[in-house]
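Next comes the structure, spelled out in structure tokens:
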């Protein structure tokens, strides 16, 4: 089965999607889309992407209940593997650890599962050191640590990769509805508040979160995912159908993409991962595809 | 000479005018006896205003220039300053410094929403009297209070002002003079044996009365909200809480949704069997994020009307619908659950039906309204993984265009897919 080809798409559709404001030093350019698996079967309700080393991308093909792996190299997308796990019937968000293991958030079983690079299910992350069951709503991996948004306790749990919780950071109660957690290399933890349309941050060693954004409603509707890369926070605005760049201090740097169905447009996007060579993959859920984007800094 | 008495009267009026009035006269170099009388020369019907029972002080003194600039202005009605600055010039801030709640018209400097700046038939120049004024915005509450069979006496006797302040409150939310229960216990003695008996032995004197009682009156005995949780209605508080009068009388027997599962196990199980759980179902307080545990005005014991409840997180979706010229009836009617399952679902956006076409088809017979192909066999030319459905052209919560369409004109819309017809 022919793999989706990047070359012609790059030539035809390398399109600057939104001019970044003068102050922003980043622009986002559409490169290509992944629509199908190795057998040309279509993706459905794609909710997760994880960018690995050497151009590997893992994709949570959520609506089809599977995980796919691709290699993006030499302007071509090559399907590598398809995995299905009874333990992960509805995979959504994905992250990779330093060993190349895939961590998978399954929204149906509401647990975090681990899959090794060969596609073997290693089990669920068993959280220890917290009273009651953890209900992970989002997570990130940073080094040997796991940062988990625990919906049950409305807090961010910091654990090792096995789930031994070393720290708990309570999130503000009240009106916020948190949809994601992120961490930067300095150890600052960020929490995405979709209801309040705000980013909360707790610096390393801080005991409480505080808001770092102001008037973000002007630029964002319903943020659901944050990726920290090269001194920026990239926010996926699901209901606003776009991607927003912020500084680590919460300052607005630019808004990219727009609602639509064609290449370069998005419809209720869910997750973004940023690769190591200036490219990114976006889980374009409502469009049943993954979009490959070039991030120019 | 016939002018003489008039001039005499004008001179007298000028002499009696307060210092500020004279200053204004001086500022505008008005002829003796000028000021408001000059204005009345053209604004002849204004004489009626002066006869009203409550007339604004500067109007009474015919100091029109106290608020208006007679020649030109950058503000409406030739006001000398912006509306809030005009009123604030004499009245200062009408809200406490550390206000816990501020009336929206005050916050928006819309004093004239409630006050007539010239004069009215009601005290404090209010544009309407009593509850009629509040009903201008709070119609639902006032109407429900009028229909209530179990009425709250202070409301009946003294109106809204018995409990609420008009501008801002330093002590309570919702402009309450004090927070609940401090406000309630001003009248209700909680140490009376009868009070304890009415509350089945639970010492609720320091609890939030409004978690069970509707302070505006209701159709239920004891002014309980119209919808009461079955255990509360049966007086079985200890089904969820400790024994009355015990040290842990208010503690719940389990946390969050685990408590609700005791009775609603099947419903919760059905939620959990679906692919996607709505975050509030499992987040923190669980069911109580959206539902009241004791009583509510709303069906399903919701904490507020469904637009308020859903809008507490999805404010932008609600605002989009409000901004939209075309209104989708379920959105207008606050029937979010017509399309979305509030608990869980198998599809993104928690749609209640398997496909968009079948979902919309529950109300719209699309074959009647359009002959455009839709469904599984109609591929979207923009995206190989999509078929044409209602959302290819419409957006359920509204757009800035007619018929919830994604584009302003038919050519713009159609050429999104039919690219060969683009100009």
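Protein chains in written order, with this note's numbering: chain D, 2 to 298; chain H, 35 to 457. Cβ coordinates follow ideal geometry from the N, Cα and C atoms, glycine included. Note that the structure is a prediction, hence the values are computed from the model and not measured.
Beta-bridge partners of residue i, as assigned by DSSP
| i | result |
| --- | --- |
| residue 67 of chain D | D/62 |
| residue 143 of chain D | D/146 |
| residue 92 of chain D | D/107 |
| residue 286 of chain H | H/275 |
| residue 260 of chain D | D/267 |
| residue 261 of chain H | H/330 |
| residue 200 of chain D | D/193 |
| residue 62 of chain H | Residue 62 of chain H is not bridged to any residue. |
| residue 37 of chain D | D/43 |
| residue 156 of chain D | D/151 and D/171 |
| residue 236 of chain H | Per DSSP, none; premise fails for residue 236 of chain H. |
| residue 112 of chain D | D/107 |
| residue 238 of chain D | D/224 and D/243 |
| residue 283 of chain D | D/273 and D/292 |
| residue 161 of chain D | D/146 |
| residue 230 of chain D | D/233 |
| residue 311 of chain H | H/378 |
| residue 166 of chain D | D/160 |
| residue 253 of chain D | D/247 |
| residue 52 of chain D | D/58 |
Whole-angstrom C-beta distance between residue j and residue i, which should lie under 8 Å
| i | j | result |
| --- | --- | --- |
| residue 101 of chain D | residue 118 of chain D | 4 Å |
| residue 132 of chain D | residue 111 of chain D | Incorrect: roughly 17 Å between the Cβ atoms, too far for contact. |
| residue 387 of chain H | residue 368 of chain H | Not confirmed; about 20 Å, so no contact. |
| residue 489 of chain H | residue 251 of chain H | Residue 489 of chain H lies beyond the range of chain H shown here (35 to 457); nothing can be said about it. |
| residue 179 of chain D | residue 217 of chain D | Incorrect: roughly 14 Å between the Cβ atoms, too far for contact. |
| residue 384 of chain H | residue 374 of chain H | 5 Å |
| residue 290 of chain D | residue 310 of chain H | Actually they are not in contact, since the Cβ atoms of residue 290 of chain D and residue 310 of chain H sit about 20 Å apart, beyond 8 Å. |
| residue 316 of chain H | residue 153 of chain D | 7 Å |
Residue-level contact to chain B via CB, residue i, 8 Å cutoff
| i | result |
| --- | --- |
| residue 351 of chain H | Among the protein chains of the structure shown, namely D and H, there is no chain B. |
Residue i Cβ short of 7 Å to the ligand MG heavy atom set
| i | result |
| --- | --- |
| residue 319 of chain H | Summarising the ligand content, the structure contains no ligands, and the ligand MG is consequently not present. |
Could you pull out every unbroken alpha helix (DSSP H) segment of at least 4 residues lying fully inside the region 318 to 400 of chain H, listed in chain order?
-> Correct list: 340 to 345, 349 to 357, 363 to 366 and 390 to 395.
Could you run through the region 290 to 314 of chain H and flag, in chain order, every residue whose CB is less than 9 Å away from some CB of chain D?
-> For the region 290 to 314 of chain H, the residues whose beta carbon sits under 9 Å from a beta carbon of chain D are, in order, 290, 306, 307, 308, 309, 310, 311, 313 and 314.
Interface residues of the region 120 to 141 of chain D facing chain H [CB-CB below 9 Å] = Residues of the region 120 to 141 of chain D with a Cβ closer than 9 Å to any Cβ of chain H, in chain order: 133, 136 and 138.
Contacting positions in the region 55 to 66 of chain D - beta carbon closer than 7 Å to chain H = When C-beta distances to chain H are compared with 7 Å, every residue of the region 55 to 66 of chain D stays at or above that value.
Could you tell me whether the region 205 to 217 of chain D touches the region 237 to 257 of chain D, using the rule of 3 or more Cβ pairs below 8 Å?
-> Flag = yes, the region 205 to 217 of chain D and the region 237 to 257 of chain D touch.
Cβ pair count under 8 Å reaching 3, the region 126 to 136 of chain H against the region 97 to 104 of chain H | The region 97 to 104 of chain H and the region 126 to 136 of chain H do not touch, with fewer than three beta-carbon pairs separated by less than 8 Å.
Within the chosen definition, does the region 249 to 264 of chain H reach the region 329 to 336 of chain H through at least 3 CB pairs nearer than 8 Å?
-> The region 249 to 264 of chain H vs the region 329 to 336 of chain H: in contact.
Of all the alpha helix (DSSP H) runs that stay within the bounds of the region 145 to 212 of chain H, which reach a length of 4 or more residues?
-> Here the runs fully enclosed are 164 to 169, 173 to 181 and 187 to 192.
Residues of the region 216 to 227 of chain D whose Cβ lies closer than 8 Å to any Cβ of chain H, in chain order = In summary, the residues of the region 216 to 227 of chain D whose CB is separated from some CB of chain H by less than 8 Å are 218, 222 and 223, in the order they occur in the chain.
Interface residues of the region 326 to 350 of chain H facing chain D [CB-CB below 9 Å] = Here the close residues are 346, 347, 348, 349 and 350.
Which residues, in chain order, does the region 403 to 414 of chain H contribute to contact with chain D at a C-beta distance below 8 Å?
-> Result list: 414.
Contact the region 79 to 93 of chain H vs the region 151 to 158 of chain H: 3+ CB pairs below 8 Å | A contact exists between the region 79 to 93 of chain H and the region 151 to 158 of chain H.
Flag this pair as touching only if the region 36 to 55 of chain D and the region 268 to 282 of chain D have three or more C-beta atom pairs under 8 Å; answer yes or no.
-> The region 36 to 55 of chain D makes contact with the region 268 to 282 of chain D: 3 or more CB pairs, one atom from each, lie closer than 8 Å.
Going along the region 251 to 268 of chain D in order, which residues come within less than 9 Å of chain H, judged by CB to CB distance?
-> Residues passing the 9 Å Cβ filter: 260, 261, 262, 263, 264, 266 and 268.
Please list the residues of the region 86 to 112 of chain D that have a C-beta atom closer than 9 Å to any C-beta atom in chain H, keeping them in chain order.
-> Under the 9 Å Cβ criterion, the region 86 to 112 of chain D contributes 90, 91, 93, 108, 109 and 111.
Between the region 377 to 392 of chain H and chain D, which residues of the former have a C-beta closer than 8 Å to a C-beta of the latter?
-> So the list reads 381, 382 and 383, given in the order they occur along the chain.
Residues of the region 145 to 169 of chain D whose Cβ lies closer than 8 Å to any Cβ of chain H, in chain order | The region 145 to 169 of chain D vs chain H, Cβ under 8 Å: 152, 153, 154 and 155.
Given 8 Å as the limit, is there contact between the region 255 to 263 of chain D and the region 239 to 247 of chain D, that is, 3 or more CB pairs closer than that?
-> Yes: at least three Cβ pairs fall under 8 Å.
What are the residues of the region 280 to 296 of chain D that lie near chain H, defined by any Cβ-Cβ distance shorter than 8 Å?
-> Hits within the stretch, in order: 286, 287, 288, 289 and 290.
Between the region 204 to 220 of chain H and the region 270 to 287 of chain H, do three or more beta carbon pairs fall short of 8 Å?
-> No, because fewer than three Cβ pairs between the region 204 to 220 of chain H and the region 270 to 287 of chain H fall closer than 8 Å, the two stretches do not touch.
Would you check if the region 210 to 220 of chain H and the region 301 to 308 of chain H touch, i.e. whether three or more CB-CB distances between them fall below 8 Å?
-> Not touching, per the Cβ criterion.
Within 9 Å of chain D by C-beta, residues of the region 220 to 247 of chain H in sequence order | Listed by position along the chain: nothing, the set is empty.
Between the region 70 to 85 of chain D and chain H, which residues of the former have CB atoms less than 7 Å from a CB of the latter, in chain order?
-> The residues in question: there are none.
Would the region 413 to 427 of chain H and the region 336 to 350 of chain H be scored as touching if the rule is three or more Cβ pairs under 8 Å?
-> Proximity of the region 413 to 427 of chain H to the region 336 to 350 of chain H falls short of the contact definition, fewer than three beta-carbon pairs being nearer than 8 Å.
Are three or more beta carbon pairs between the region 141 to 149 of chain H and the region 67 to 87 of chain H nearer than 8 Å?
-> Judged by Cβ distances under 8 Å, the region 141 to 149 of chain H makes no contact with the region 67 to 87 of chain H, as fewer than three pairs qualify.
Which residues, in chain order, does the region 416 to 427 of chain H contribute to contact with chain D at a C-beta distance below 9 Å?
-> If the cut-off is 9 Å between Cβ atoms, the region 416 to 427 of chain H has 416, 417, 418, 419, 420, 425 and 426 near chain D.
Contact the region 171 to 180 of chain H vs the region 239 to 253 of chain H: 3+ CB pairs below 8 Å = Yes: the two stretches touch, three or more of their Cβ pairs being nearer than 8 Å.
When the Cβ atoms of the region 30 to 40 of chain D are set against those of the region 84 to 91 of chain D, are three or more pairs found closer than 8 Å?
-> Short answer: they don't touch.
Sequence ranges, alpha helix (DSSP H) only - wholly within the region 93 to 136 of chain H, length at least 4 = DSSP runs (the alpha helix (DSSP H)) wholly in the region 93 to 136 of chain H: 117 to 125.
Using a Cβ cut-off of 7 Å, which residues of the region 355 to 371 of chain H contact any Cβ in chain D, in chain order?
-> Hits within the stretch: zero.
Would the region 351 to 368 of chain H and the region 389 to 396 of chain H be scored as touching if the rule is three or more Cβ pairs under 8 Å?
-> Segments in contact, no.
Could you list the residues in the region 189 to 206 of chain D with a C-beta less than 8 Å from some C-beta on chain H, going in chain order?
-> Interface annotation for the region 189 to 206 of chain D against chain H: 195, 196 and 198, criterion Cβ-Cβ distance under 8 Å.
With contact counted as at least three CB pairs below 8 Å, one residue from each stretch, are the region 53 to 70 of chain D and the region 425 to 444 of chain H in contact?
-> Too few Cβ pairs lie closer than 8 Å, so no.
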